[in-house]
DNA sequence: ACAATTTACGGGCACGTGCCCGTAAAGGTA
DNA sequence: TACCTTTACGGGCACGTGCCCGTAAATTGT
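Protein chains in written order, with our numbering: chain E, 12 to 363; chain F, 12 to 363.
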């Protein structure tokens, strides 16, 4: 310690400017009650010192509690995908709690637009200072964004993005590139004369995610002049019976399908069908590290899973709000997650 | 706020035990000067309250600075691999600085055992309370571990492990499984009659990492009854000319090599050779997300890179020490990193 | 018995920042 | 000039914990 009796932080600023710490404080939080002259003088000193406030002391002194909300789909019987972001959110909460940040979680039904809208209303009633949201329904999300703009509440999108809204940040995959990677893996050892099947299983019709992914998938075929014919099918019911019925029909019409690509986490339903109908020679790729999928990965029915670290997404999403509201640091607007490739051989080390 | 005028933390414990906060403090830090009776009484209350100290206040009040050391290889001309862990360490340092933790970094020459031993001596002279170390040389590391045991200094291994030493934690890949994954990717579209070449380019002879990786690689061939013949070669010089010379010879002897697996980040040297000798039809897989490798990935010379998030390793390694020394929380002993698969299509989103 | 030593504990300041409250000075009105 | 309002600023306590210092009580020695 060479520097011995120096003052630190606010006190030192106050000493240099010949004012009290209270006045410095007023400037730092740009409150009223300081003349322009002294304000300028203090600001100059702050700049010169490159003053960084001590967050410990700051959070300790202010009893102000920051309230954040997270609005994500509930874990359904169909998929427990959202349990991962939820755990990431909880992890972030545990870390932030000692800094006086509280997180409240709101869940909605992915198959019910109204529950989404309803929970948004609840969130606004709660008077939160920052919101993490999965923008599952486009129109409702636009209204949500507009209201946040009016109230000056920062919000972060997670898992899928709606561009051109002024979200503080987007944390999630680059969907198009993700489809592109899927195509690469699917065709890596595919014979030229085989057909490729794209399967979309979803109740939602105007699915932005799905369109982006398929677009990327097809782009790979174009870029690399893949000769394979692409067949596609939309399945609006998510239960096994319906899926099996549709797939039976498609495989009947197209006897030379060599590979199938499922655009979401319901790939396990397709895997189940392939196994039951003794078609495990068909290469199969889909999304997300959920238990059912990993089981079929283990059994060699699914070849690859593409994942985007949903747990990390939840964590980073909350941390982005924390950075903005507590640390007051700049936040990266586009935060694309890695496109992870999970196989039978490496899944045991995968970290969501 | 339902709970209004309650006291928190140490004060509340003191009130309930009819002692002063100083006495509670003595118990919390098990210092001397408290009778067994009151000590027991206070401990009971602490347990009952499930008291969690406020780290903010704790770190703020204690001017004690915690000093951590990191001992890793320096970035050499051959490879800038270690710049990634270094950046992770720096990231951790930035986060910990405000909690009164300082990090000092010691670098050694990977090709010089003595520089490793010398830096270890420097570290011990520095009187650090925790050490992160890349155990690149086995014997020296064993002595290091013994000395740490004597001095009761916790240490964390990073990137490669030496089992049976009592490290606080190991942060790095499961090397054997990592080789296993390499074999899977390499054979995924390999014809049965082609040979597979394992290449080890390293000056170090007793390389534990390399043995583990090759063992895992071969295990995949056994487990899956892969018919391909495996050829292996050790190259002790790391410059391009030497590598090219050896490889020319091997490819001359074995005309039907269909795939090559390089056990470390020097895969770009092999890629260069394959490109120059017009052998880009050979599938090539190697390790680590370093610039040269990514360039060859981009040019389709390298098919896959296997990576273990070196940046994250540095970060987590330091954080393990932080958890132990500052938060006094339990630390996971084995912390295997994911085995990431990087391709031309997904590398732009890869996060070290 | 008394002094000398050790043990057990309390008082209270410090860490850096937030913010309430009090007040002197400046400006405004008659 | 006397009185009131507004502006500009300082004093000082609080946040929860660490730890120094002082002292009454218990223990030991003679």
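C-beta: ideal position from N, C-alpha, C; glycine also.
Collapsing the DSSP output to three states places residue 116/E in a strand.
Between residue 321/E and chain F, the shortest Cβ-Cβ separation is not below 8 Å. Residue range 251-264 is occupied by the alpha helix (DSSP H) that includes residue 261/F. When DSSP states are grouped into helix, strand and coil, residue 189/F belongs to the helix group. When 9 Å is used as the limit between beta carbons, residue 237/E is near no residue of chain F, the shortest such separation being about 13 Å. In this structure, the CA atom of residue 73/F is about 14 Å from the CA atom of residue 338/F. Shown here, residue 29/E sits in coil according to DSSP, grouped into three states, outside any helix or strand. Per DSSP, the continuous beta strand (DSSP E) segment holding residue 346/E begins and ends at 345-347. Put simply, the backbone Cα of residue 358/E is about 14 Å away from that of residue 350/E.
Taking every protein chain shown into account, the CB of residue 43/E has fewer than 16 other CB atoms within 10 angstroms, so this residue is exposed.
DSSP places residue 110/F in the coil class of the three-state scheme, outside both helix and strand. The C-alpha of residue 206/E is placed about 35 Å away from the C-alpha of residue 324/E.
For residue 62/F, no alpha helix (DSSP H) segment is defined, and its DSSP state is neither H nor E. Taking a C-beta distance under 8 Å as the contact criterion, residue 135/F and residue 144/F do not qualify as a contact pair. A Cβ-Cβ contact shorter than 8 Å links residue 209/E with residue 228/E.
Per DSSP, the unbroken alpha helix (DSSP H) holding residue 131/E starts and ends at 124-137. Taken in chain order, the members of the region 338-351 of chain F whose beta-carbon sits within less than 9 Å of a beta-carbon on chain E are 347, 348, 349, 350 and 351. For residue 84/E, the enclosing beta strand (DSSP E) begins and ends at 77-84. Residue nearest to residue 275/F within the set 90/F, 334/F and 290/F is 90/F (criterion: CA-CA distance). Secondary structure of residue 36/F (DSSP, three-state): helix. 166/E is the residue among 260/E, 166/E and 121/E whose C-alpha sits nearest the C-alpha of residue 329/E.
Around the beta carbon of residue 264/E, a 10 Å sphere encloses fewer than 16 other beta carbons of the protein chains shown; the residue is thus reported as exposed.
Distance from the CA atom of residue 26/F to the CA atom of residue 335/F, rounded to whole angstroms, is 30 Å. Within the region 197-227 of chain F, the runs of beta strand (DSSP E) at least 3 residues long that lie entirely inside it are, in chain order, 206-212. As computed with DSSP, residue 144/E is found in a beta bridge with 82/E and 168/E. Contact between residue 327/F and residue 346/F holds, since their C-beta atoms are separated by about 6 Å, short of 8 Å. For residue 243/E, the enclosing beta strand (DSSP E) has its first and last residue at 241-246. Between residue 300/E and residue 363/E, the C-beta gap is smaller than 8 Å, which places the two residues in contact. Take the alpha-carbon of residue 253/E and the one of residue 246/E: they are about 8 Å apart.
Residue 200/F reaches chain E at 199 and 200, counting residues in chain order whose Cβ is nearer than 8 Å. Taking all protein chains in view, the Cβ of residue 181/F is crowded by 16 or more other Cβ atoms within 10 Å, so the residue is classified as buried. Straight through space, the alpha carbons of residue 294/F and residue 321/F are spaced by roughly 25 Å.
Under a criterion of Cβ atoms nearer than 7 Å, the residues of chain F adjacent to residue 68/E are, in order, 71. Here the alpha carbons of residue 312/F and residue 286/F stand approximately 7 Å from one another. Neighbours of residue 62/F in chain E, taken as residues whose beta carbon is under 7 Å from its own, are absent, since the nearest beta carbon is some 13 Å off. The beta carbons of residue 282/E and residue 307/E sit closer together than 8 Å.
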